[in-house]
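J.:
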Amino acid sequence: MGKVVIDGVEFLFNKLYQNDSETDEIVADMFSENKLITYVEMETVTIINYGAFYGCSNLTTAIFKNLRVLGNHVFAGCNFKTIEIPNVISIGNLCFATNQSLEKIVLNDEITEIENSTFTQCRGLVNIHLPENLEKIGSRVFFDARKLILTQLPKKVNIIPGYCFGNCYALTNLTLGGKGHPMIAIEDGAFYNCNNLTKLTIYTTGGQALAGAPWGATNTTITYLPA
Numbered sequence: 613m614g615k616v617v618i619d620g621v622e623f624l625f626n627k628l629y630q631n632d633s634e635t636d637e638i639v640a641d642m643f644s645e646n647k648l649i650t651y652v653e654m655e656t657v658t659i660i661n662y663g664a665f666y667g668c669s670n671l672t673t674a675i676f677k678n679l680r681v682l683g684n685h686v687f688a689g690c691n692f693k694t695i696e697i698p699n700v701i702s703i704g705n706l707c708f709a710t711n712q713s714l715e716k717i718v719l720n721d722e723i724t725e726i727e728n729s730t731f732t733q734c735r736g737l738v739n740i741h742l743p744e745n746l747e748k749i750g751s752r753v754f755f756d757a758r759k760l761i762l763t764q765l766p767k768k769v770n771i772i773p774g775y776c777f778g779n780c781y782a783l784t785n786l787t788l789g790g791k792g793h794p795m796i797a798i799e800d801g802a803f804y805n806c807n808n809l810t811k812l813t814i815y816t817t818g819g820q821a822l823a824g825a826p827w828g829a830t831n832t833t834i835t836y837l838p839a
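Take the sequence shown: its letter number 85 is residue 697 in the working numbering, and every next letter is one higher.
#1: Opposite Thr-833 in the DSSP bridges: which residues?
#2: For Gly-819, which three-state DSSP category applies?
#3: Provide the residue(s) that pair with Gly-736 in DSSP beta bridges, ordered along the chain.
#4: Tell me the residue span of the beta strand (DSSP E) that contains Met-642.
#5: Span of the beta strand (DSSP E) holding Ile-618?
#6: Does Gly-683 come out as helix, strand or coil in the three-state DSSP assignment?
#7: Quick check: Tyr-651 and Thr-673, are their CB atoms within less than 7 Å of each other?
#8: Answer yes or no: do Pro-794 and Gly-819 have a C-beta to C-beta separation smaller than 7 Å?
#9: Can you have a look at Gly-824 and say buried or exposed, based on whether 16 or more other CB atoms are within 10 angstroms of its CB?
#10: In the DSSP assignment, find the unbroken beta strand (DSSP E) run with Thr-694 in it and report its ends.
#11: Just the Cα atoms here: how many angstroms apart are Lys-768 and Glu-747?
#12: Rounded to the nearest angstrom, what separates Thr-763 and Asp-619 at their Cα positions?
#13: Just to confirm the assignment, what range does the beta strand (DSSP E) spanning Met-654 have?
#14: For the candidate residues Asn-661, Pro-743, Leu-822 and Leu-624, whose alpha-carbon lies nearest to that of Phe-643?
#15: Candidates Leu-706, Ile-740 and Thr-833: which alpha carbon is nearest Thr-784's?
#16: Would you mind giving the Cβ-Cβ distance between Leu-822 and Ala-797, rounded to the nearest angstrom? I have them listed as a contact below 8 Å.
#17: Could you spell out the range, first to last residue, of the beta strand (DSSP E) harbouring Gln-712?
#18: On the criterion of 16 or more Cβ atoms from any shown chain inside 10 Å, does Gly-792 qualify as buried, or is it exposed?
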């Protein structure tokens, strides 16, 4: 079952078809740059391919309860405040980039990697549930997420890429790594312009300092603890 609202007109359907065959995928660029679509709900879709809703700036509600895979750029430039994607296990590059209305998102605990620039310029993003099994985050993942509140990264994340948290002005106190999970490296500019980040607690092997500090967070006090 599905529902799409375009220019105030509601379209209901039971199944999706591609080349006369039933499908559970939305093809690449299907609704790209469609300024008239405001609502989408699709129960059977499990895969959304590249840029399917890219630039749909009036899309304010998206519900995909059985979705598993989100491709690159899928929701970049949309404007929903929340999105329901409880079963997604893979999210592509720039998937939510420049969605400035997005305030909250919960990620499935099966997700182990967040790719480059996934939430870049999500300036309204305040809360995100990061999965405990998360192991890797890409560069610029939260760049310019100016309202993001985060106090601890999942312990398995051991490298913070360049400009990952650049312009994250709401960060004030952040813990990286944990007991049994040492932080390996923090790359140049990881906390670029994070002027309100005043406390960084970092678990490392033997409590040793990491190279390159403070990685752009010029007002921070760094405490190293043995992992």
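Using N, Cα and C, we set each Cβ at its ideal position, and we do this for glycine too. These figures come from a predicted structure and were not determined experimentally.
T.: The answer reads as follows:
#1: Looking up residue 833 in the sequence shown gives position 221. Thr-833 pairs with Lys-811.
#2: If you number the sequence shown from 1, residue 819 lands on position 207. Looking at Gly-819 - three-state DSSP - the assignment turns out to be helix.
#3: Taking the first residue of the sequence shown as 1, we reach residue 736 at position 124. In the DSSP output, where bridge partners are listed per residue, Gly-736 has none listed.
#4: Counting from one through the sequence shown, the residue named residue 642 turns up at place 30. Neither: Met-642 is in no beta strand (DSSP E) and is coded neither H nor E.
#5: In the sequence shown, the residue the question calls residue 618 occupies position 6. Note, Ile-618: beta strand (DSSP E), 614-618.
#6: Numbered from its first residue, the sequence shown carries residue 683 at position 71. Reduced to three states, the DSSP call for Gly-683 is coil.
#7: Counted from its first residue, the sequence shown places residue 651 at position 39. Counted from its first residue, the sequence shown places residue 673 at position 61. Result yes, Cβ atoms of Tyr-651 and Thr-673 sit closer than 7 Å.
#8: Here residue 794 refers to the residue found at position 182 when the sequence shown is read from its first residue. Here residue 819 refers to the residue found at position 207 when the sequence shown is read from its first residue. Not in contact: Pro-794 and Gly-819 (Cβ atoms no closer than 7 Å).
#9: Along the sequence shown, read from residue 1 onward, the residue named residue 824 stands at position 212. The residue in question, Gly-824, is exposed, as its Cβ has fewer than 16 Cβ neighbours within 10 Å.
#10: Residue numbering aside, residue 694 sits at position 82 when the sequence shown is read from its first letter. From DSSP, Thr-694 is part of no beta strand (DSSP E); its letter is neither H nor E.
#11: For the purposes of this step, residue 768 is identified with residue 156 of the sequence shown, where counting begins at 1. For the purposes of this step, residue 747 is identified with residue 135 of the sequence shown, where counting begins at 1. So the two alpha carbons sit approximately 5 Å from each other.
#12: As a working mapping, residue 763 is identified with position 151 in the sequence shown. As a working mapping, residue 619 is identified with position 7 in the sequence shown. Between Thr-763 and Asp-619, the C-alpha separation is close to 41 Å.
#13: Within the sequence shown, the letter at position 42 stands for residue 654. Residues 649-654.
#14: Translated into positions along the sequence shown, residue 643 becomes position 31. Closest option to Phe-643, Cα to Cα, is Asn-661.
#15: Walking along the sequence shown from the start, residue 784 turns up at place 172. Cα-wise, what sits closest to Thr-784 is Thr-833.
#16: If you number the sequence shown from 1, residue 822 lands on position 210. If you number the sequence shown from 1, residue 797 lands on position 185. Confirmed, Cβ separation roughly 6 Å.
#17: Position 100 of the sequence shown, counted from the start, is the residue given in the question as residue 712. Neither: Gln-712 is in no beta strand (DSSP E) and is coded neither H nor E.
#18: The residue labelled residue 792 in the question sits at position 180 within the sequence shown. The residue in question, Gly-792, is exposed, as its Cβ has fewer than 16 Cβ neighbours within 10 Å.
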